[in-house]
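S.K.:
Residue numbers (my numbering): 131 to 323.
#1: Is DSSP giving residue 217 helix, strand or coil here?
#2: Any chance the segment 197-211 sits against the segment 167-183, with 3 or more Cβ pairs inside 8 Å?
#3: Do you know offhand how far residue 234's Cα is from residue 147's?
#4: Exposed or buried, which one is residue 180 when buried takes at least 16 other CB atoms within 10 Å?
#5: Taking only the alpha-carbon atoms, compute the straight-line gap between residue 256 and residue 229 and give it to the nearest angstrom.
#6: From the DSSP output, which residues share a beta bridge with residue 140?
#7: Rounding to the nearest angstrom, what Cα-Cα distance links residue 177 and residue 198 in this structure?
#8: Quick check on the DSSP output: the alpha helix (DSSP H) that includes residue 191 runs from which residue to which?
#9: Whole angstroms are fine: how far does the CA of residue 214 sit from the CA of residue 196?
What follows is the structure in structure tokens.
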């Protein structure tokens, strides 16, 4: 017999039931402190409000309600108005073995389904990663300017233009010198005559 399952004079079959009963016992103790020397009207209000809010559901709470009802009935004041103690225990379902087996089968099927989805997702992600890597390799080794090698392509292009301009400038200077020499020779030959 587990002490944890015993609350008041009752032994419960599950910890959940025992915990609910312990909470009710705490409420009862607080109420008893406040209801000491209370008049019948207050007892009746507490009784009715407890029924209305379904405050007590375990045997511990129902005993308290029964005692409260007896005190009210002894006074005779609310004899026709007092309601019986409602018994609406929460259903602490006993677990059916077939239901457990069905749930296990369902969870296994779900895990197989999600495992299959995970494998396909992983496969697709690997393919996409390979495609992205291939695109970067193609972009970095390509001769066409792109985001990766755009700056280098521009520098190469402008340096090629610069070298072409320098070569053309040299050719022009050579031709200019040839023209100057020819013009000097022509002037010298005209002046010597």
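For glycine and all other residues, C-beta sits at the position ideal for the given N, C-alpha and C.
M.R.: If we stick to the structure as given:
#1: As a position in the chain shown, residue 217 is number 87, starting the count at 1. For residue 217, the secondary structure class from DSSP, reduced to helix, strand or coil, is coil.
#2: Short answer: they touch.
#3: Along the chain shown, read from residue 1 onward, the residue named residue 234 stands at position 104. Along the chain shown, read from residue 1 onward, the residue named residue 147 stands at position 17. Cα to Cα, the separation comes out at about 25 Å.
#4: As a first step, residue 180 must be located in the chain shown, where it is residue number 50. Classification of residue 180: buried, given that the 10 Å Cβ count is 16 or more.
#5: Translated into the one-based positions of the chain shown, residue 256 becomes position 126. Translated into the one-based positions of the chain shown, residue 229 becomes position 99. Each residue's Cα considered, the two are about 40 Å apart.
#6: What you label residue 140 is simply residue 10 of the chain shown in a count that begins at 1. Residue 140 pairs with 137.
#7: As a working note, residue 177 is residue 47 in the chain shown. As a working note, residue 198 is residue 68 in the chain shown. The straight-line gap from Cα to Cα measures roughly 7 Å.
#8: Residue numbering aside, residue 191 sits at position 61 when the chain shown is read from its first letter. Residue 191 -> alpha helix (DSSP H) spans 189-205.
#9: Stepping through the chain shown from its first residue, residue 196 is reached at position 66. Stepping through the chain shown from its first residue, residue 214 is reached at position 84. Those two C-alpha atoms are separated by around 9 Å.
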